[in-house]
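Trainee:
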Amino acid sequence: MVPSYTFCRPRCARGVTLIEIMIVIAIMMILMGLVMTVIGTVRKRAKENATRLLLDGVASSMSRYHMEYDDYPIDTMNPLKSDGTVTINRTTADASGTDFADDGNLFKQMNGDDGLGSKKNWDTPYQKRLEPFLKLQPENLRKEGTSKLVVYDFFSRPIRYCNAEIIIRTKVAEAGDDEAAKEAARKDIMKKVHNDKVDLWSLGDNPNKAEDDIQNWQ
1 MVPSYTFCRP RCARGVTLIE IMIVIAIMMI LMGLVMTVIG TVRKRAKENA TRLLLDGVAS
61 SMSRYHMEYD DYPIDTMNPL KSDGTVTINR TTADASGTDF ADDGNLFKQM NGDDGLGSKK
121 NWDTPYQKRL EPFLKLQPEN LRKEGTSKLV VYDFFSRPIR YCNAEIIIRT KVAEAGDDEA
181 AKEAARKDIM KKVHNDKVDL WSLGDNPNKA EDDIQNWQ
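Residue 80 in our numbering sits at position 80 of the sequence shown, and the numbers go up by one each step.
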């Protein structure tokens, strides 16, 4: 009699079920999400660090400018109203707007002649033999209109700056010879600014959040 054999397919050879496929896909999607989150965080940190270095460079350039001209570049925002009061808005909403945003004045004063030389072109140095005060990478300069180069941070927004020194000097001078009035005027301005020289800042990744602003004060 011929023995009969029963063929049993090994468990390892059975097909993959739909549930197992879905589990694998779900795991892959979770891993991809984690990777994208990490990449986004790394890129944000890189932009923050690069912007800090940019502001440090601008601040150093402003200091050299001050050593030569005994003043800092003038910002475009005029905080001195006709009645003599000061309007320096330091809230997030105001800082996120156009107030204090560079509009081409900074680069023009620190690299162009700003009307002080024989020519009045924005790209004409004060003196050809002198190095410009401010040197920037191409990604930090954007041409707007026909005659302006605006300094941008690494979040594609104009940097913000406020010449606090000239505001303090103006208000103190208005106090006359009264030393107490001078000190009171200075303290009043210092409540509205952060430095007694120049405030420099970037709105960071989110222009509507003050927490991620990058600035030259603590």
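A virtual CB, placed ideally from N, CA and C, is assigned to each residue, including glycine.
Out of curiosity, what's the CA-to-CA distance linking S82 and T170?
Mentor: Counting from one through the sequence shown, the residue named residue 82 turns up at place 82. Counting from one through the sequence shown, the residue named residue 170 turns up at place 170. Caution is warranted here: a pLDDT of 48 is assigned to S82, below 50, making its placement in the model unreliable, and the coordinate value is therefore given only provisionally. Computed Cα separation, rounded: 13 Å.
Trainee: Roughly how many whole angstroms lie between the Cα atoms of D102 and W217?
Mentor: Here residue 102 refers to the residue found at position 102 when the sequence shown is read from its first residue. Here residue 217 refers to the residue found at position 217 when the sequence shown is read from its first residue. Each residue's alpha carbon lies about 18 Å from the other.
Trainee: Could you give the DSSP three-state label for Q137: helix, strand or coil?
Mentor: In the sequence shown, counting from the first residue as 1, residue 137 sits at position 137. Note: Q137 maps to coil in three-state DSSP.
Trainee: Below 8 Å between beta carbons: does that hold for S202 and L53?
Mentor: Taking the sequence shown and counting its residues from 1, one reaches residue 202 at position 202. Taking the sequence shown and counting its residues from 1, one reaches residue 53 at position 53. Contact flag unset, no.
Trainee: Roughly how many angstroms separate the alpha carbons of D205 and A50, rounded to a whole number?
Mentor: As a position in the sequence shown, residue 205 is number 205, starting the count at 1. As a position in the sequence shown, residue 50 is number 50, starting the count at 1. One C-alpha to the other measures close to 12 Å.
Trainee: Would you kindly work out how many angstroms separate the C-alpha atoms of V58 and L134, rounded to a whole number?
Mentor: As a first step, residue 58 is located in the sequence shown; it is residue number 58 there, counting from the start. As a first step, residue 134 is located in the sequence shown; it is residue number 134 there, counting from the start. Between V58 and L134, the C-alpha separation is close to 7 Å.
Trainee: Roughly how many whole angstroms lie between the Cα atoms of H66 and K47?
Mentor: Position 66 of the sequence shown holds residue 66. Position 47 of the sequence shown holds residue 47. Cα-Cα distance, rounded: 28 Å.
Trainee: Could you have a look at L203 and say whether DSSP puts it in helix, strand or coil?
Mentor: Translated into the one-based positions of the sequence shown, residue 203 becomes position 203. Residue state, collapsed to three classes: coil.
Trainee: Could you give the DSSP three-state label for V172: helix, strand or coil?
Mentor: Taking the sequence shown and counting its residues from 1, one reaches residue 172 at position 172. V172: helix per DSSP, three-state reduction.
Trainee: Report back the beta-carbon spacing between L106 and P132 to the nearest angstrom; my notes put them in contact at under 8 Å.
Mentor: Residue numbering aside, residue 106 sits at position 106 when the sequence shown is read from its first letter. Residue numbering aside, residue 132 sits at position 132 when the sequence shown is read from its first letter. Not a contact, Cβ separation roughly 12 Å.
Trainee: Taking the alpha-carbon positions, what's the K209 to F155 distance?
Mentor: Taking the first residue of the sequence shown as position 1, residue 209 is located at position 209. Taking the first residue of the sequence shown as position 1, residue 155 is located at position 155. Cα-Cα distance, rounded: 14 Å.
Trainee: Do V151 and N163 have their C-beta atoms within less than 8 Å of each other?
Mentor: Start at 1 with the first residue of the sequence shown, and residue 151 comes out as number 151. Start at 1 with the first residue of the sequence shown, and residue 163 comes out as number 163. For V151 and N163, no; Cβs fall outside 8 Å.
Trainee: Going by DSSP, what residue range makes up the beta strand (DSSP E) through K191?
Mentor: Here residue 191 refers to the residue found at position 191 of the sequence shown. Run containing K191: none; DSSP gives neither H nor E here.
Trainee: Between R186 and V198, how many whole angstroms is the CB-CB distance? I'm expecting something under 8 Å.
Mentor: In the sequence shown, counting from the first residue as 1, residue 186 sits at position 186. In the sequence shown, counting from the first residue as 1, residue 198 sits at position 198. That belief does not hold up - the Cβ atoms of R186 and V198 are roughly 16 Å apart, past 8 Å.
Trainee: Assuming D71 and I166 form a contact by the criterion Cβ under 8 Å, report the distance between their Cβ atoms to the nearest whole angstrom.
Mentor: Here residue 71 refers to the residue found at position 71 when the sequence shown is read from its first residue. Here residue 166 refers to the residue found at position 166 when the sequence shown is read from its first residue. Between I166 and D71 the Cβ distance is about 7 Å, and since that is below 8 Å, they are a contact.
Trainee: Drop a sphere of 10 angstroms on the beta-carbon of P158, count the other beta-carbons inside from all chains shown, and report buried for 16 or more, exposed for fewer.
Mentor: Here residue 158 refers to the residue found at position 158 of the sequence shown. It is buried - the Cβ of P158 has at least 16 other Cβ atoms within 10 Å.
Trainee: Could you spell out the range, first to last residue, of the beta strand (DSSP E) harbouring V16?
Mentor: If you number the sequence shown from 1, residue 16 lands on position 16. Where V16 is concerned, there is no enclosing beta strand (DSSP E), given that its DSSP letter is neither H nor E.
Trainee: Going by DSSP, what residue range makes up the alpha helix (DSSP H) through K108?
Mentor: Along the sequence shown, one-based indexing puts residue 108 at 108. Its alpha helix (DSSP H) spans residues 105-111.
Trainee: Assuming Y161 contacts L200 under a Cβ cut-off of 8 Å, what Cβ separation, rounded to an integer in Å, is found between them?
Mentor: Within the sequence shown, the letter at position 161 stands for residue 161. Within the sequence shown, the letter at position 200 stands for residue 200. So it is a contact: roughly 5 Å between Cβ atoms.
Trainee: Which of the three DSSP states, helix, strand or coil, is assigned to N163?
Mentor: On the sequence shown, position 163 is the one that residue 163 refers to. DSSP places N163 in strand when its eight states are reduced to three.
Trainee: Looking at the unbroken beta strand (DSSP E) that takes in K209, where does it start and where does it end?
Mentor: Along the sequence shown, read from residue 1 onward, the residue named residue 209 stands at position 209. Neither: K209 is in no beta strand (DSSP E) and is coded neither H nor E.
Trainee: Give the range of the beta strand (DSSP E) segment to which K148 is assigned.
Mentor: In the sequence shown, residue 148 corresponds to position 148, counting from 1. Unbroken beta strand (DSSP E) run through K148: 148-151.
Trainee: Identify, in the order they occur along the chain, each residue of the same chain with its Cβ nearer than 8 Å to the Cβ of I25, setting aside the five sequence neighbours on each side.
Mentor: Along the sequence shown, one-based indexing puts residue 25 at 25. Cβ within range, chain order: n/a, list empty.
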